[in-house]
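Residue numbers (my numbering): 739 to 979. Beta carbons are placed, not taken as given, at the ideal position from N, Cα and C, and that holds for glycine. Since the model is a prediction, treat every value here as computed from it, not as a measurement. Before any comments, here is the structure.
Structure below.
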């Protein structure tokens, strides 16, 4: 898990450095540029998917151990880093890497890093032999935690819900705290509770979003400015014929 975590982290940081150099136009001097094949831009998630498939085949067919397992885990992490760095593209079915929707890739890589980082310490989801009291207790704990994670998602806290699957206290805190305005939970449970709706609006105000966006942009680069009409249509799937 440690080698996989390092593979994901280093690959993400290097990928963002390279793409920002290419975007600024200063990557040409170092021989950096977009990869094209027959006039098509090949996104780096394609290489990531191929690496994941190759590493997965090796892990399943050869079942390496020791240093070979560490190497396979690191290579698998490289594939994950390349693929999740373009999460926004395969979520929106559109090239939004440098659009505002591209910030979703930063959220996704953050979730992956937190989950893999938590598993480095050997965290175990199920403890004890099947049928024992310890086993049933762990199963019950998993069930309760999943309910808390679902509540977080209904409250519009996607990152909290995903991270909470591994770190239970995160899911507990997210489930207790106020829901985000406009979320499923807020629309149905705050409609007749204006005071709670007002508290949620003040907690999740524009300044909070701006601080989070600042952190995203610091790590991955700020999105390109786009016309308002383009912002509204970006990320929509293509219309059916």
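Given residue 938 as reference, the closest of 954, 915, 926 and 742 once Cα atoms are compared = In the chain shown, the residue the question calls residue 938 occupies position 200. It is 915.
inquiry  = Assuming residue 824 is part of the alpha helix (DSSP H), what are its boundary residues?
reply    = For the purposes of this step, residue 824 is taken as residue 86 along the chain shown, with counting starting at 1. First-last for residue 824: undefined, no H or E at that position.
message = If I measure Cβ to Cβ from residue 906 and keep anything under 8 Å in the same chain, skipping five residues before and after, which residues do I get?
response = Position 168 of the chain shown, counted from the first residue, corresponds to residue 906. The answer, listed in chain order, is 879, 883 and 886.
ask   = Are residue 840 and residue 961 closer than 9 Å when you measure CB to CB?
value = Against the chain shown, residue 840 aligns to sequence position 102. Against the chain shown, residue 961 aligns to sequence position 223. Result yes, Cβ atoms of residue 840 and residue 961 sit closer than 9 Å.
ask   = What separation, rounded to the nearest whole angstrom, lies between the Cα atoms of residue 911 and residue 769?
value = Your numbering for residue 911 matches position 173 in the chain shown. Your numbering for residue 769 matches position 31 in the chain shown. Spanning the two alpha carbons is a distance of roughly 47 Å.
request  = Closer than 8 Å by C-beta to residue 790: which residues in its own chain qualify, once you throw out the five before and the five after it? Chain order, please.
outcome  = As a working note, residue 790 is residue 52 in the chain shown. For residue 790, where only same-chain residues beyond five positions count, the Cβ hits under 8 Å are 814, 817, 818 and 821.
key: First through last residue of the alpha helix (DSSP H) which encompasses residue 874   = To locate residue 874, count along the chain shown from 1; it is residue 136. Unbroken alpha helix (DSSP H) run through residue 874: 871-892.
inquiry  = Let's see if you can read the secondary structure: which residues bound the alpha helix (DSSP H) around residue 843?
reply    = Translated into the one-based positions of the chain shown, residue 843 becomes position 105. Segment 841-857, the alpha helix (DSSP H) holding residue 843.
inquiry  = Is it buried or exposed, residue 971, if we count other Cβ atoms within 10 angstroms and call 16 or more buried?
reply    = Position 233 of the chain shown, counting from 1, holds the residue named residue 971. Unreliable positioning characterises residue 971 in this predicted model, as indicated by a pLDDT of 47, which lies under 50. A coordinate reading is not provided.
inquiry  = Suppose contacts are defined by Cβ-Cβ distances below 9 Å. Is residue 739 in contact with residue 854 by that definition?
reply    = Residue numbering aside, residue 739 sits at position 1 when the chain shown is read from its first letter. Residue numbering aside, residue 854 sits at position 116 when the chain shown is read from its first letter. Closer than 9 Å, so yes.
key: CB contact flag (residue 745, residue 812, <9 Å)   = Counted from its first residue, the chain shown places residue 745 at position 7. Counted from its first residue, the chain shown places residue 812 at position 74. Yes. Within cutoff.
query = Can you find at least 3 beta carbon pairs, one from the stretch 897-905 and one from the stretch 916-935, that sit closer than 8 Å?
reply = no
message = Tell me whether the stretch 750-766 and the stretch 949-963 touch, counting them as touching only if at least three CB pairs, one residue from each stretch, are closer than 8 Å.
response = Touching, yes.
inquiry  = Going by DSSP in three states, residue 830 sits in which element: helix, strand or coil?
reply    = Looking up residue 830 in the chain shown gives position 92. Note: residue 830 maps to helix in three-state DSSP.
ask   = How far does the alpha helix (DSSP H) with residue 794 in it reach, from first residue to last?
value = The count along the chain shown starts at 1 and reaches residue 794 at position 56. Taken as a continuous stretch (DSSP letters only), the alpha helix (DSSP H) holding residue 794 covers 782-800.
inquiry  = For residue 865 and residue 876, which I take to be in contact (beta-carbon distance under 8 Å), what is that distance rounded to the nearest angstrom?
reply    = As a first step, residue 865 is located in the chain shown; it is residue number 127 there, counting from the start. As a first step, residue 876 is located in the chain shown; it is residue number 138 there, counting from the start. Indeed, because the Cβ distance is near 5 Å, the residues count as touching under 8 Å.
Three-state class that DSSP yields for residue 772 in the structure shown = The residue you call residue 772 lines up with position 34 of the chain shown. Coil, per DSSP.
request  = Reducing DSSP to helix, strand and coil, say where residue 974 ends up.
outcome  = Taking the chain shown and counting its residues from 1, one reaches residue 974 at position 236. Bear in mind that the predicted position of residue 974 carries a pLDDT of just 48, short of 50, making it unreliable; the figure below should be weighed with that in mind. Three-state DSSP puts residue 974 in coil, outside helix and strand.
task = Excluding the 5 residues preceding and the 5 following residue 923 in the sequence, name in chain order all residues of the same chain whose CB lies nearer than 6 Å to its CB.
result = By one-based count along the chain shown, residue 923 stands at place 185. So the qualifying residues of the chain are 892, 893 and 917.
ask   = In chain order, what residues of the same chain have a beta carbon less than 8 Å from the beta carbon of residue 904, not counting five sequence neighbours either side?
value = For the purposes of this step, residue 904 is taken as the residue at position 166 of the chain shown. Hits under 8 Å: 852, 853, 856, 857 and 861.
request  = In angstroms with no decimal places, state the Cα-to-Cα distance between residue 783 and residue 869.
outcome  = Along the chain shown, one-based indexing puts residue 783 at 45. Along the chain shown, one-based indexing puts residue 869 at 131. So the two alpha carbons sit approximately 43 Å from each other.
task = Would you decide whether residue 823 is buried or exposed? Buried here means 16 or more other CB atoms lie within 10 Å of its CB.
result = Against the chain shown, residue 823 aligns to sequence position 85. Classification for residue 823: buried.
ask   = DSSP puts residue 778 in a beta bridge; with which residues?
value = Reading the chain shown from its first residue, position 40 is the one you call residue 778. Paired residue(s): 775.
ask   = For residue 955, does the three-state DSSP call read helix, strand or coil?
value = Here residue 955 corresponds to residue number 217 of the chain shown, with the count starting at 1. Helix, per DSSP.
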